[in-house]
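Beneath this line is the structure, given in structure tokens, with notes to follow.
There are 2 protein chains.
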Amino acid sequence: MRNIFLALSFLIVISSCNKVKPAKQLAQTVNKADSITIKKIFNSALTNGKSYQWLDALSNDIGGRLSGSPEAQKAVEWGENLMTELNFNKVWLQPVMVPHWVRGEKEEAFFTSSNEKFNVPICALGGSVATQKDGVLGEVIEVQSLEEAEQLGEKLRGKIVFFNRPFDDALLLTFKAYGGCVDQRGGGAKVVGKFGALGAIVRSMTHSIDDFPHTGAMSYGDLEENQKIPTAAISTKAANLLSEKLKENPSLKFYFKQSCKTLPDAPSFNVIGEITGSEFPDKYITVGGHLDSWDLGDGAHDDGTGIVQSIEVLRLLKLNNIQPKHTIRVVLFMNEENGLRGGKKYAEEAKNNNENHIAALESDSGGFTPRGFSFDINSENYDLFMSWKPLLAPYGLHDFDKGHSGADIGPLKNETISLFGYRPDSQRYFDYHHASTDTFDKVNKRELELGAASMTSLVYLLDNYLN
Amino acid sequence: MRNIFLALSFLIVISSCNKVKPAKQLAQTVNKADSITIKKIFNSALTNGKSYQWLDALSNDIGGRLSGSPEAQKAVEWGENLMTELNFNKVWLQPVMVPHWVRGEKEEAFFTSSNEKFNVPICALGGSVATQKDGVLGEVIEVQSLEEAEQLGEKLRGKIVFFNRPFDDALLLTFKAYGGCVDQRGGGAKVVGKFGALGAIVRSMTHSIDDFPHTGAMSYGDLEENQKIPTAAISTKAANLLSEKLKENPSLKFYFKQSCKTLPDAPSFNVIGEITGSEFPDKYITVGGHLDSWDLGDGAHDDGTGIVQSIEVLRLLKLNNIQPKHTIRVVLFMNEENGLRGGKKYAEEAKNNNENHIAALESDSGGFTPRGFSFDINSENYDLFMSWKPLLAPYGLHDFDKGHSGADIGPLKNETISLFGYRPDSQRYFDYHHASTDTFDKVNKRELELGAASMTSLVYLLDNYLN
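In order, the protein sequence lines correspond to chains A and B. The numbering of the first sequence is UniProt numbering, which starts it at 1 and goes up by one. The numbering of the second sequence is UniProt numbering, which starts it at 1 and goes up by one.
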């Protein structure tokens, strides 16, 4: 479209957004100074933002950074150097031992049906064991759920089990569709391993019908060593093809080969920086994301965007001469993807040091256009947070909902702390999540910057109104 | 992020969204049946949508479709055949003569500064004349506005004028930034041509700093033939480089060559289909987008998405057994980009036939995730439309604002008609707008489908509550 007059219509949007909010809410904490400060924060993020160039470095110069890898160590050094250059009051590394799983050689997979051979894209799931050196070959049993596999029990012995329950496209929020399927990835091998299956192949966790397998964490739980079977994700296109061919030929043979393994735990770090509070230096507001990523892409959306947005929160506060009353900490958590060791360690140390954490915010849902925040808080603060809606609605932040905040900050949970999750639009997230397609070019500069500004605005309000 | 519990948090979003709305609004037209119907519409769009595969055909099988081109004619036939297959009650072509501008050979441009040669990406603006056969070479004068050029007046004679005012990144809504710059593209050549400039080079209309020139319409207004000078868009990266080199060397020479020309007007068509109303067959609700596009990309976002969404509106009504009371028309408007002839013709014919158009909706802002609708209506319907917010907010539709609706439906404006524009998120739009990057792969299937469902829901409510 070309029409320049269209532009004028949008002038009205911001001014009219507040009309949406009940007047009684407006009464509470909203005031002109807050709305001016928040406008300044958004202006500076959009005109003088640094998050995009930082993400370029993290994604393109370092790339995928699986826990325990040399790239993860490079990311630790990158984060420490960046925060030092930014002159935060304190910058340090918090040691943490992390799981060290390696993928090994590129996986191979195919199936043969009526003398035709179909090569299919797969990738080992994080934590899986290798196949035997020359791979695994077997007949396939397709199932739609862990329950169905349990019921088949002994019938699974010697078979390759194919978990193929797809995302429910009807669900508006893609994380809900993910939550409805991911048990197959996390627990499939555990369920069928105990019945002597040869392997578990899991449909990739995405709405998109394409050729990219999506990896992710899995667990064998308490299985004995000899029950631990290799497990891999298969692309959705290949999953549909396999399912179709199985209907024609139930006895077709599937082959896959992977050489992944788990090495001894490796030393790593959470990277921490802070601006010391002017009034309550011993009360902490933490903002963060996770520094580790899967290895197939460069971890741009998961969770490079959360990392650079979290660092940008502190820079935008300084840039706008906002001296926080409380100590504002940014934490680049290590090992969210396959262990959560960084999040657990940070909470453990906070407890050991009797640190009073009053709030924490995590960004780990991608660097997409802002939609709102989820919060996990005690009821007494509910009205306070809801009273901020009129301040944030003009920036597209309408979803203020109770719910999960973030995996890394979850271990900080107690009776008093307020936990928040940044919630961007979710529609594109699972096109890229844990796949080779999660790359820097999928991130829009302005969407990333609007997210950083949204997070900074929430931290500003928390610092101003929370005690 | 991997955490499956996160998913659970989103369960709360939809149920809580309605809380946002003042109770007095809920009182009016909102009722359970509407909310059930709208849920059905969204479910069917997401689980059984056709818009994405239609867009694949329009974008990849036909491609860019400039008015008067063979591709535009193919698009007309494609639209007529598709609507015929969909068994709409009536499908027909409405003849309209359109401007026929052709780009000719690929443009060439470079500048030389201190014996260094810099090739730069440019593209002719729609409607521009060609350069002389061997191109144009001249010194450059950089300006930031039409006013600055006017003031320079005679100083522009024999020079190439470089309009380089960039988008204002601080503006939240990208259409507003576009509106603040596009006068340079539309009117630059007209202003400097009358002072004897050799050519006008205009900074591309985008936030993105990249190598892709963005074309678009321009006009010479009432200039005499000998005052009509060639004009082209230059990529933002090249514009920044040229500006930088001009500071070092104000007398550097810029060269460009283009062979575009305007042929005699060509015959073309608006493509129209309708579902006849059961109660008020002579009252019309029109939904549409524009079938023509620029030629550099495949016109996926501008406006292939609006085309397939508009057709999908009628299909989703039929699929959900919603028999409209009023006649619902879909119009694939021809020639929005460089003439608006289709929109004018449709309004003219509607008037000639004394058709009573009660409402019209246009989608021409890209196929991105839903944000809301703009409306251009008389005050008596304002409260009615605002009362629908609680029904649409659960689907991310929060922005209900007075303003411009759409270029193609604009000519239908009168005292009584209600005009609406579909408003998706605007952040990514100008990365692709009128450039070679406006291609099918930039469209997310679910975002496109959510837009079609949003439009269908509005049409359903208009049909139900408007008289």
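No residue lacks a Cβ here, since even glycine has one placed at the ideal position from N, Cα and C. All values reported here derive from a predicted model rather than from experimental measurement.
> Whose Cβ in chain B lies nearer than 9 Å to the Cβ of Arg-428 of chain A?
Replying inline: Position 428 of the first sequence, counted from the first residue, corresponds to residue 428 of chain A. Those are Thr-369, Asn-444, Arg-446, Glu-447, listed as they occur along chain B.
> Under a Cβ-count criterion, where at least 16 other Cβ atoms within 10 Å of its own Cβ denotes burial, should Ala-23 of chain B be classed as buried or exposed?
Replying inline: Locating residue 23 of chain B in the second sequence gives position 23, where the first residue counts as 1. For Ala-23 of chain B, the predicted model reports a pLDDT of 39, less than 50, meaning its position is unreliable; a value from the coordinates is still stated below. It counts as exposed.
> Roughly how many whole angstroms lie between the Cα atoms of Asn-381 of chain A and Ala-360 of chain A?
Replying inline: Position 381 of the first sequence, counted from the first residue, corresponds to residue 381 of chain A. Position 360 of the first sequence, counted from the first residue, corresponds to residue 360 of chain A. Each residue's alpha carbon lies about 14 Å from the other.
>> Tell me which residues of the stretch 38–65 of chain A have at least one Cβ-Cβ distance to chain B shorter than 8 Å, keeping chain order.
In response: Phe-42, Asn-43, Leu-46, Thr-47
>> For His-207 of chain A, which residues in the same chain have their Cβ closer than 8 Å to its Cβ, ignoring the five residues on either side in sequence?
In response: One-based indexing of the first sequence puts residue 207 of chain A at position 207. So the qualifying residues of the chain are Phe-167, Asp-169, Thr-174, Ala-177, Phe-430, Asp-431.
> From A:Phe-162, A:Leu-450, A:Val-161, A:Leu-462, pick the residue whose C-alpha is nearest to that of Lys-50 of chain A; which is it?
Replying inline: What you label residue 50 of chain A is simply residue 50 of the first sequence in a count that begins at 1. Comparing Cα positions, the closest option is A:Leu-450.
> On the three-state DSSP scale, how would you describe Ile-307 of chain B?
Replying inline: On the second sequence, position 307 is the one that residue 307 of chain B refers to. Look at Ile-307 of chain B here: in three-state DSSP terms it is helix.
> Using a C-beta to C-beta distance shorter than 7 Å, which residues of chain B count as neighbours of Ala-170 of chain A?
Replying inline: Numbered from 1 along the first sequence, position 170 holds the residue referred to as residue 170 of chain A. Within chain B, the residues near Ala-170 of chain A are Asn-43, Leu-46, Thr-47.
> Given that a residue counts as buried once 16 or more other Cβ atoms are within 10 Å of its Cβ, and exposed if not, what is Lys-445 of chain A?
Replying inline: Looking up residue 445 of chain A in the first sequence gives position 445. With 16 or more other Cβ atoms within 10 Å, it is buried.
> Looking at the structure shown, is Leu-419 of chain B part of a helix, part of a strand, or coil, going by DSSP?
Replying inline: What you label residue 419 of chain B is simply residue 419 of the second sequence in a count that begins at 1. Leu-419 of chain B: strand per DSSP, three-state reduction.
> Nearest to Met-334 of chain A by CA position, among A:Ser-293, A:Asn-354, A:Lys-318, is which residue?
Replying inline: Looking up residue 334 of chain A in the first sequence gives position 334. If we check each option's Cα against that of Met-334 of chain A, A:Ser-293 comes out closest.
>> Which residues of the stretch 203–227 of chain B have a Cβ closer than 7 Å to any Cβ of chain A? Give them in chain order.
In response: His-207, Gly-216, Ala-217
> Which same chain residues, not among the five before or five after Lys-190 of chain A, have their C-beta less than 7 Å away from its C-beta?
Replying inline: For the purposes of this step, residue 190 of chain A is identified with residue 190 of the first sequence, where counting begins at 1. Counting only Cβ-Cβ distances below 7 Å, and skipping sequence neighbours, we find Ser-219, Tyr-220, Gly-221, Leu-223.
>> Pull the bridge partners of His-326 of chain B from the DSSP assignment, please.
In response: Along the second sequence, read from residue 1 onward, the residue named residue 326 of chain B stands at position 326. Answer is B:Phe-280.
> By Cβ distance below 8 Å, which residues in the same chain neighbour Pro-411 of chain B in space, the five residues on each side in sequence not counted?
Replying inline: Counting from 1 along the second sequence, the entry for residue 411 of chain B is found at position 411. Leu-340, Gly-343, Lys-344, Tyr-346, Ala-347, Glu-348.
> Quick one: Cα of residue 470 of chain B to Cα of Thr-112 of chain B, how far?
Replying inline: Coverage of chain B is limited to positions 1 through 467, which leaves residue 470 of chain B absent and any answer about it impossible.
> Which full runs of the beta strand (DSSP E) of 3+ residues lie inside the stretch 123–172 of chain B, going along the chain?
Replying inline: 136–143, 160–163
>> Does the stretch 59–68 of chain A come into contact with the stretch 309–321 of chain A, if we say contact requires no fewer than three beta-carbon pairs (one atom in each stretch) closer than 8 Å?
In response: no
> Are the stretch 394–414 of chain B and the stretch 153–161 of chain B touching by the rule of at least three beta carbon pairs closer than 8 Å?
Replying inline: They do not touch, by the three-pair rule.
> Under 8 Å, do Val-98 of chain B and Ser-67 of chain B count as touching if we go by C-beta distance?
Replying inline: Residue 98 of chain B sits at position 98 when you count from the first residue of the second sequence. Residue 67 of chain B sits at position 67 when you count from the first residue of the second sequence. Note that the C-beta distance between Val-98 of chain B and Ser-67 of chain B is below 8 Å.
> Taking just the CA atoms, how far does Phe-368 of chain A sit from Arg-428 of chain B?
Replying inline: In the second sequence, residue 428 of chain B corresponds to position 428, counting from 1. In the first sequence, residue 368 of chain A corresponds to position 368, counting from 1. The alpha-carbon atoms of Arg-428 of chain B and Phe-368 of chain A are separated by roughly 10 Å.
> Straight-line CA distance for Ala-393 of chain A to Ile-160 of chain B?
Replying inline: Along the first sequence, read from residue 1 onward, the residue named residue 393 of chain A stands at position 393. Along the second sequence, read from residue 1 onward, the residue named residue 160 of chain B stands at position 160. Answer to the nearest angstrom: the Cα atoms are 45 Å apart.
>> Could you pull the DSSP bridge partners for Ser-379 of chain B from this structure?
In response: To locate residue 379 of chain B, count along the second sequence from 1; it is residue 379. In the DSSP output, where bridge partners are listed per residue, Ser-379 of chain B has none listed.
> So which residues of chain B does Asp-425 of chain A contact, with C-beta pairs closer than 8 Å?
Replying inline: Translated into the one-based positions of the first sequence, residue 425 of chain A becomes position 425. In chain order, Thr-369, Gly-396, Asp-425 make up the part of chain B whose C-beta sits under 8 Å from the C-beta of Asp-425 of chain A.
> For the ligand COA, any of its heavy atoms closer than 7 Å to the Cβ of Asn-378 of chain B?
Replying inline: Although the ligand COA was asked about, the structure shown includes no ligands whatsoever.
> Taking the alpha helix (DSSP H) that Tyr-255 of chain B falls in, what are its first and last residues?
Replying inline: By 1-based counting over the second sequence, the position of residue 255 of chain B is 255. For Tyr-255 of chain B, there is no enclosing alpha helix (DSSP H); the enclosing beta strand (DSSP E) has its first and last residue at 253–257.
> By the criterion of Cβ-Cβ separation under 8 Å, what are the contact partners of Asp-431 of chain A in chain B?
Replying inline: Residue numbering aside, residue 431 of chain A sits at position 431 when the first sequence is read from its first letter. Here the neighbours are Asn-444.
> Is the stretch 261–268 of chain A touching the stretch 301–311 of chain A, taking contact as three or more C-beta pairs under 8 Å?
Replying inline: Touching, no, given that fewer than three Cβ pairs across the two stretches are closer than 8 Å.
> Would DSSP call Asn-356 of chain A helix, strand or coil?
Replying inline: The sequence position of residue 356 of chain A within the first sequence is 356, counting from 1. Strand at Asn-356 of chain A.
>> Less than 6 Å between C-beta atoms, sequence neighbours within five positions excluded: which residues of the same chain meet that for Glu-105 of chain B?
In response: Mapped onto the second sequence, residue 105 of chain B falls at position 105. Taking C-beta separations shorter than 6 Å and ignoring five residues to either side along the sequence, the partners of Glu-105 of chain B in its chain run Ser-259, following chain order.
>> Measuring straight from C-alpha to C-alpha, what distance separates His-433 of chain B and Glu-107 of chain B?
In response: The sequence position of residue 433 of chain B within the second sequence is 433, counting from 1. The sequence position of residue 107 of chain B within the second sequence is 107, counting from 1. When rounded, the distance between both Cα atoms is 19 Å.
> Which whole-angstrom value is the C-beta distance of Asn-164 of chain B and Arg-203 of chain B, which I expect to be below 8 Å?
Replying inline: The sequence position of residue 164 of chain B within the second sequence is 164, counting from 1. The sequence position of residue 203 of chain B within the second sequence is 203, counting from 1. Their Cβ separation, rounded to whole angstroms, is 5 Å, which keeps Asn-164 of chain B and Arg-203 of chain B in contact under 8 Å.
>> Tell me the DSSP secondary structure of Gln-427 of chain B in three-state form.
In response: Counted from its first residue, the second sequence places residue 427 of chain B at position 427. Gln-427 of chain B: coil per DSSP, three-state reduction.
> Pro-95 of chain A: which of A:Asp-401, A:Ser-387, A:Leu-384, A:Leu-332 sits nearest, CA to CA?
Replying inline: What you label residue 95 of chain A is simply residue 95 of the first sequence in a count that begins at 1. Looking from the CA of Pro-95 of chain A, the closest CA among A:Asp-401, A:Ser-387, A:Leu-384, A:Leu-332 belongs to A:Leu-332.
>> Could you give the first and the last residue of the continuous beta strand (DSSP E) run that contains Phe-118 of chain B?
In response: Numbered from 1 along the second sequence, position 118 holds the residue referred to as residue 118 of chain B. Taken as a continuous stretch (DSSP letters only), the beta strand (DSSP E) holding Phe-118 of chain B covers 116–119.
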